[in-house]
Each structure stands twice: as C-alpha cells, then as structure tokens.
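Chemist: In the working numbering, the protein residues as written are 2 to 165.
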Amino acid sequence: MDFNFDWTKYRDNTGMPLAGMPSRLGVGANAIIFDDDGCILLEKRSDNGWWGLPGGHVEIGESAQDAVVREVLEETGLVVEIMRLVGVYSHPDNLCFVQYPDGNTAHILSIVFECTATGGTLQMSDESTELRYNQVNSLPDQVVLSHKIRIEDALLRSPIPFVK
2 MDFNFDWTKY RDNTGMPLAG MPSRLGVGAN AIIFDDDGCI LLEKRSDNGW
52 WGLPGGHVEI GESAQDAVVR EVLEETGLVV EIMRLVGVYS HPDNLCFVQY
102 PDGNTAHILS IVFECTATGG TLQMSDESTE LRYNQVNSLP DQVVLSHKIR
152 IEDALLRSPI PFVK
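As structure tokens, then:
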C-alpha cells in the first residue's frame, strides 16, 4: 500500500487549517466526567482559551488508565474511577491534530474514558482558567471540536467502544 499523507487537507482540533506537517505522534488520555445531574465537566484551557475535557499526554512507562486518573487529579483536583472506555480516536478526519503555541503540530492518538469522581475537591490548576459542569445540550461555544465528537459518542452509551 502506498501511503501519501496530504496534511494540507486536514484541520486541527479547533477547526483551523494545519500550519505545517505534523512533526510528532502523541498518545493522550481524556476523561468524560458526569455529575449526578448528568452535566459534564469541562475546563477552559489557559494556553488557547478553548473548552475541553480534562486529560493529557500518556507518559513513558504509564498506562492510559493511570494517565487519565493522574491528569484529572492534576487539572481538576478530583480523584476519579474509570467506568468504561468510550473510544480510541486516531483518524485524521476526526480532528486528531493539535497545534501548539510554539508552532509544533502533533497527531494525537486519543483514548477516552468515562470516569466518575470518587473524591477530591474541584480546583483549577495553572492549565485552566475555569472549570465547570455544563448541561450536555448547552455546551460553551468554544469547545474543542474533537472533544465534541467524543462527548457525542459518550452520550450514545454504546457497550462497544468507538474506534475512529
């Protein structure tokens, strides 16, 4: 199979055209956390001003499960338990590119879990300017587009994880 990747036809996770060929591949883990009223926890990122799911990069030697628990604690102050795997997202059509403020672009393979808070206190880190639970039918305007896809998938409650 001859694979020729035309990066110019893809957009990043906020819908912007890619400024350059992605220079690295990363693995990320994100959490979808619902409260007792069915509202979803979102954080407003301090680096780009967009709303998104708590989460981040999987470190070398770390499982995706451990990464999502660690990232949620670091970013929100909450201790969570993983309830289920929502999906694995890696296809370029699913807005899996992130453009960083330093100009680098990465293709992110994202593993998304539904989690429940079991402890801790909701508190912001320096990575966010706001944390709040949102009604799923009235999300903020500037939600990272790739995260909207993952939220929609989580709401379907599929017994089989999505692979997109």
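Glycine is no exception: its CB is placed at the ideal position from the N, C-alpha and C atoms.
Measuring only the C-alpha atoms, how far is GLU153 from GLY62?
Modeler: The straight-line gap from Cα to Cα measures roughly 31 Å.
Chemist: Taking all protein chains shown into account, decide if ASN14 is buried (16 or more other Cβ within 10 angstroms of its Cβ) or exposed.
Modeler: With 16 or more Cβ atoms within 10 Å of its Cβ, ASN14 is classed as buried.
Chemist: Look up ILE33 in the DSSP assignment and say whether it is helix, strand or coil.
Modeler: Of the three classes helix, strand and coil, the one that applies to ILE33 here is strand, per DSSP.
Chemist: Determine the DSSP secondary structure at LEU79, reduced to helix, strand or coil.
Modeler: Looking at LEU79 - three-state DSSP - the assignment turns out to be strand.
Chemist: Tell me whether the beta-carbon of GLY88 lies closer than 8 Å to the beta-carbon of VAL70.
Modeler: Their beta carbons are not under 8 Å apart, which means GLY88 does not touch VAL70 by this criterion.
Chemist: Is DSSP giving ILE161 helix, strand or coil here?
Modeler: ILE161: coil per DSSP, three-state reduction.
Chemist: Looking at the secondary structure, which residues open and close the beta strand (DSSP E) in which ILE112 lies?
Modeler: Where ILE112 is concerned, the enclosing beta strand (DSSP E) stretches over 106–121.
Chemist: Where does GLU60 fall in DSSP's three states?
Modeler: Correct three-state label for GLU60: coil.
Chemist: Using 10 angstroms around the beta-carbon of PRO23, count the other beta-carbons present and answer buried if the total reaches 16, otherwise exposed.
Modeler: By the neighbour-count rule (16 or more Cβ atoms within 10 Å), PRO23 is buried.
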